[in-house]
Every structure is written in structure tokens, then in C-alpha cells.
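The numbering of the sequence shown is our numbering, which starts it at 72 and goes up by one. Presented below is the structure to which this report refers.
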Amino acid sequence: MADKKSKNGGKRGDDKSSDRNGNGKNGKLSKSDYLERLQPMQVELNNLGRWLQHARKRLLVIVEGRDTAGKGGVISAISETLSPRQCRTVALGKPSEREQGEWYFQRYMTHLPSAGEIVLFDRSWYNRAGVEAVMGFCTPQQTDDFLKQAPVLERLLVDDGLLLFKYWLTVDQQQQEERFAERAEDPLKQWKLSPIDLEARQHYEDYGRARDRMLAHTHTKQAPWTLVDFNDQRRGRLTLIRHLLDHLPDVTVPAKELQFPAVKGGLKEERFDWKLKPIKSL
């Protein structure tokens, strides 16, 4: 989540001044206010992680939305202070030839969390109702089948004890275009652009219709959707994380007390008595 440094030595996104609501010059939440609000939530996320392990619960968070909405950013905000052995991000690519011959949901099942784990889906099986349907990567019948099967599958998962949260990140086309342009200009973000992304820009309304159809079929009592405004990505991250925390048990599991005695015999410098040595520092 590090912001790119600017020529003056600061970081892009640094807002030195903000109003009483934390708004920077562009009317969006300043970076300093964002980080100040995020830190206590990350402490709560760590407590949540201890509770999941203590109660042996499984948590799956599906993060969906339009291109550039901010899926990766909010997933990083959730996971960056959690143990990677407990919290995993799943961002599957194009299915292989073998996977194309499987039951559609099959390749996702192996990535579901086990007891005490958190899994964050950066896009998910809902590709079938979104990009695949809009861009013609599946047939109308396959989309229809998906919309019938997804609620059944999710009900079975929830009935089995899985804690399932589904978030759709919303973004206006003007914001989307600005973010696409930023990606095109930034060599560190160009990997996020693909020919499909560029073509999809012409289908904003088609994606909206596909989203509405998907929500109508898969917003259920057992597995509801939550829509979050991500026109301001920092506020969006905080809103989503707050919602997630507020809808899970607020149970404090104390962290294990660690003894930290002084090292006996004093502190040593690292030595290398063999031919390999550290490379020279910059």
C-alpha cells in the first residue's frame, strides 16, 4: 500500500492539510487522517484473527466491483498486519484448459478457508456473472446456470459454519477513467491494465446491468451483498473494514504474554567465516 514517492521526496497522496472532516485538497480523505483511522481498526482485525483461531471459525470475504474500484487496496488494508499463515488472498487468473472442463465452482473450492483462517477473494466465482457475461466469455445458458447455483452453494457453505461476506465496490465512470489513465502513465501500475480492461471501458452500462441482475439473483438472507462507495478509496476501505468488524462477534481473546529477557553474554555482531559475504550496501 505504499504510495509512490514524488520528486520533492514526499509520497504521492500525502496531504499536509485537511479540514475537520479529514478532507484533503481534492475533497477526499487525506492520507494522514486515513492512516490515523485505519490503525485502530487493524488492531481490531488482529483481535478478530485471535478469535477465529480460538473459536476455529472460517472467514471468507469476497471483494467484487468494477475495474479500478479498489479491490486490491482494501484487501491489502485488511491483510497487511495479519499473519500470512492465517490470512490469504486469492486472485485466480484465467482458468486452464483442464479447469474449463470442470464444474465452474470447482477451482474455487480448494481455496476456501480452514478452521481459524481468513481468505480474501480478489474477484471470485462472480466473474461468471460479470466480465464473462459482458465480454462473451461464457454462454447465456452458463450465466443462467451460475445464477441458479451460486445461492445454493453459498447457502450450503453458510449452513456448514462458514462466515461469508460479499462486498461490491462502486465507482463512477469519471473516477474509473481517471484511475485507468493513472495506471497507463505509472510504470508501477501498468501491469494492472490488460486489453480486456481497455475494451471493457466501452461497456460501463452493460456491466451495470449485469451487476443488477447478479444482485437480484444472489442477494440472499444467508449471503447478502453489501455495496460500498469507493469513489474515495480511503473512505471506502475504512467503511468496508468497519462494516466487517461490526458484523462479527466482538470477543477479545487476550494475546499470549511473552517474556523478553535480556540476551545472556551481551549482543554479538554477525560474522561470516566462509567465502560468502553480504553484498555491499547502497
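Here a beta-carbon is modelled for each residue, glycine too, at the ideal position from N, C-alpha and C.
- Taking 8 Å as the cut-off, the beta carbon of leucine 228 is found no closer than this to the beta carbon of phenylalanine 176.
- Cα atoms of leucine 269 and glutamate 203: separation of roughly 15 Å, rounded to the nearest angstrom.
- By the Cβ test, the stretch 129-138 is not in contact with the stretch 109-116, since fewer than three Cβ pairs between them sit closer than 8 Å.
- Excluding five sequence positions before and after alanine 148, the CB atoms of its chain that fall closer than 7 Å to its own CB belong to Met72, Leu109, Arg308, Ile312, given in chain order.
- The beta carbon of threonine 323 lies closer than 7 Å to those of Asn118 in the same chain, with the five residues before and after it left out.
- Buried is the label assigned to leucine 100, since at least 16 other Cβ atoms lie within 10 Å of its Cβ.
- Taking a cut-off of 8 Å on C-beta distances, the stretch 188-207 touches the stretch 144-162, as three or more cross pairs fall below it.
- Taken atom to atom, the span from the alpha-carbon of glutamate 248 to that of alanine 140 is near 11 Å.
- Spatial neighbours of histidine 290 in its own chain (CB-CB distance under 7 Å, excluding positions within 5 residues in sequence) are listed in chain order as Trp296.
- Here the alpha carbon of isoleucine 267 sits roughly 18 Å from the alpha carbon of arginine 282.
- Burial is judged here by how many other beta carbons sit within 10 angstroms of a residue's own beta carbon; asparagine 97 has fewer than 16 and is exposed.
- Phenylalanine 236 sits buried, since 16 or more C-beta atoms from the chains shown fall within 10 Å of its C-beta.
- The shortest C-alpha to C-alpha distance from leucine 286 to any of Tyr238, Trp122, Gln245, Asp257 is the one to Tyr238.
- For tyrosine 179, same chain residues with a beta-carbon under 6 Å away, outside a window of 5 residues either side, are Trp196 in chain order.
- DSSP places glutamate 135 in no alpha helix (DSSP H) but in the uninterrupted beta strand (DSSP E) bounded by 129-136.
- Nearest Cα to glutamate 135 within the set Ala252, Pro332, Leu234, Arg199: Arg199.
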